[in-house]
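What follows is a single structure, written as structure tokens, with notes after it.
In our numbering, the protein residues as written are 1090 to 1566.
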């Protein structure tokens, strides 16, 4: 019997579980996929929004600003990369200037600090490579960037460090009210929990219907991205946005915390909640509009493209409520969901307290975690000391990203454990360089097979039937 079951191991579910693990509770995280961060948390813009875009008085506005303020401390505790690079919303005409001024007014009302409206000269002093046709901008110095899947892995891992359980491949098929607790049912197992928190992303409306709540729906919004090589990472310092529309914040150009340059996303409403394919039209739009906003974007240095799906709720705001006793919805968490995630954890705790749940502090709670990138950032002397203690750190497996065998082995052995190539990639950056795993993948497959006690041919790229190998050379017909 668990006190709380959190459905969904994305960044929101992970942050909720981590926040709750600071209390004396028995917690279980339930995830339908084979790893954490497999939904929107795997493929998004990685932006910690300052909070000027959300409508005044909305949950989005409240939790975005609070989450943005919390993020630096949370990332420091969890050993996650965070960069306070600032953001710019650029405009090209009088209509854009009116939008910029409106965003400034809204941001001030939302409590965003140090906002400033810039003219063309001020804008290009800050960002010389922004299009020379840009005439104005809103500057938000509190804007930042993180790594969304690294943050999710660390949040779930920290919850597990503090006693939470994680059940993967647990697709919820039904929720039964047994009186004083719920039975959360999957094909292979049933979990009993006194409280259930629905943080199931795109599928949160289906989960809510299992307890009789059909007050909202969630649909997917496709966002396609193009990622450029680290050679391009210094083109801009700030995250560059175009003035937004009702469909989102437009095509951005932004550095990443790992030194690449990210462009995108598109914003197209679709029906299929599983369709993460990229399209020629979408990628062409990213290339065209990113080039309009920033001069000198070298798309010939592209190393990959990808698509993410945002969970767009039917209410126009985050849906965080308790539609029935002991069941909490955390749904429709589209942008700025990543930015808001730490504050959503706080908000859910307050919601539970107000509903009468007794929360006593976990006296052994440890909020910190060693960074997965600690070895890479160590000094030569520190690296030599680590290698002397464990020679595996002296063997480089991923040449593009300079990831060692020791780092990969640590990732495979540490909760939440990866079970495939992409899981190792999200934890270590091995396979994320120019060759996209062409050199290092066979070595990582060998390590995964050995550590997991399975055959080499049984290792997958991303679970399911995505097998990397079909047999030995000259034995396959």
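Even glycine gets a Cβ: it sits at the ideal position worked out from N, Cα and C.
Note that this is a predicted model, so its numbers are computed, not measured.
Practice problem: Give the secondary structure of residue 1188 by DSSP, where H, G and I count as helix, E and B as strand, and everything else as coil. | Solution: helix
Self-check item: DSSP beta-bridge partners of residue 1395
Solution: 1314
Quiz item: Which whole-angstrom value describes the C-beta separation of residue 1465 and residue 1242, a residue pair presumed to lie in contact below a C-beta threshold of 8 Å?
Solution: Contact doesn't hold; Cβ gap of about 16 Å is too wide.
Quiz prompt | Cβ neighbour criterion (16 or more within 10 Å) applied to residue 1139 | solution = buried
Quiz prompt | Proximity to residue 1454 [Cα-Cα], best of 1376, 1115 and 1141 | solution = 1115
Quiz item: So residue 1141 and residue 1199 are in contact, right, with Cβ under 8 Å, and what is the actual spacing, rounded?
Solution: 6 Å
Quiz item: chain B beta carbons: is any one of them nearer than 7 Å to that of residue 1109?
Solution: No chain B appears in the structure shown, which is made up of a single protein chain.
Quiz prompt | Between the CA atoms of residue 1113 and residue 1451 - distance to the nearest angstrom | solution = 5 Å
Quiz item: Near residue 1379, what residues of its chain come up, given a Cβ to Cβ distance below 6 Å and the 5 sequence neighbours on each side ignored?
Solution: 1340, 1342, 1352 and 1386
Practice problem: Label residue 1469 either buried or exposed according to how many other C-beta atoms from any shown protein chain fall within 10 Å of its C-beta, with 16 as the threshold for buried. | Solution: exposed
Quiz item: Buried or exposed: where does residue 1562 fall if 16 or more other Cβ atoms within 10 Å of its Cβ makes it buried?
Solution: exposed
Practice problem: Take residue 1206 as the anchor and find which of 1225, 1196, 1195 and 1220 has the nearest alpha-carbon. | Solution: 1225
Quiz item: Tell me the DSSP bridge mates of residue 1556?
Solution: 1549
Quiz item: Start and end of the alpha helix (DSSP H) containing residue 1380?
Solution: 1369 to 1382
Quiz prompt | residue 1392 vs residue 1511 beta-carbon contact at 7 Å | solution = no
Quiz item: Can you tell me whether residue 1090 is buried or exposed, with buried defined as 16 or more other CB within 10 angstroms of its CB?
Solution: exposed
Quiz item: Would a C-beta distance cut-off of 7 Å place residue 1308 and residue 1163 closer than the cut-off?
Solution: no
Exercise. Within the same chain, show all residues whose beta-carbon is closer than 7 Å to that of residue 1449, passing over the 5 residues directly before and after it, in chain order.
Key: 1112 and 1113
Self-check item: Distance between residue 1493 and residue 1501 (C-alpha atoms, nearest Å)
Solution: 13 Å
Quiz item: Buried or exposed: residue 1559, going by 16 or more other Cβ atoms within 10 Å of its Cβ?
Solution: exposed
Practice problem: Would you kindly check if the distance between the Cβ of residue 1098 and the Cβ of residue 1120 is under 7 Å? | Solution: yes
Quiz prompt | residue 1480, buried or exposed, once every other Cβ within 10 Å from all chains shown has been counted against 16 | solution = exposed
Self-check item: 6 Å Cβ shell around residue 1257 - same chain, five flanking residues per side excluded
Solution: 1120 and 1123
Quiz prompt | With 16 other Cβ atoms within 10 Å as the buried cut-off, status of residue 1422 | solution = buried
Self-check item: Cα-Cα separation, residue 1244 to residue 1433
Solution: 13 Å
Exercise. Could you give the DSSP three-state label for residue 1307: helix, strand or coil?
Key: strand
Quiz item: Whose CA, out of 1128, 1209 and 1227, lies closest to the CA of residue 1192?
Solution: 1227
Quiz item: Secondary structure at residue 1229, three-state DSSP: helix, strand or coil?
Solution: strand
Self-check item: Where the beta strand (DSSP E) containing residue 1118 begins and where it ends
Solution: 1116 to 1119
Quiz item: Per DSSP, which one or two residues make a beta bridge with residue 1344?
Solution: 1350
Exercise. Identify whether residue 1401 lies in helix, strand or coil by the three-state DSSP scheme.
Key: strand
Quiz item: Helix, strand or coil for residue 1517 per DSSP?
Solution: helix
Self-check item: Proximity to residue 1329 [Cα-Cα], best of 1234, 1551 and 1544
Solution: 1234
Quiz item: Is the segment 1427 to 1442 close to the segment 1293 to 1306, with three or more CB pairs under 8 Å?
Solution: no
Quiz item: Can the beta-carbon of residue 1332 be found less than 7 Å from the beta-carbon of residue 1180?
Solution: yes
Self-check item: With 16 other Cβ atoms within 10 Å as the buried cut-off, status of residue 1509
Solution: buried
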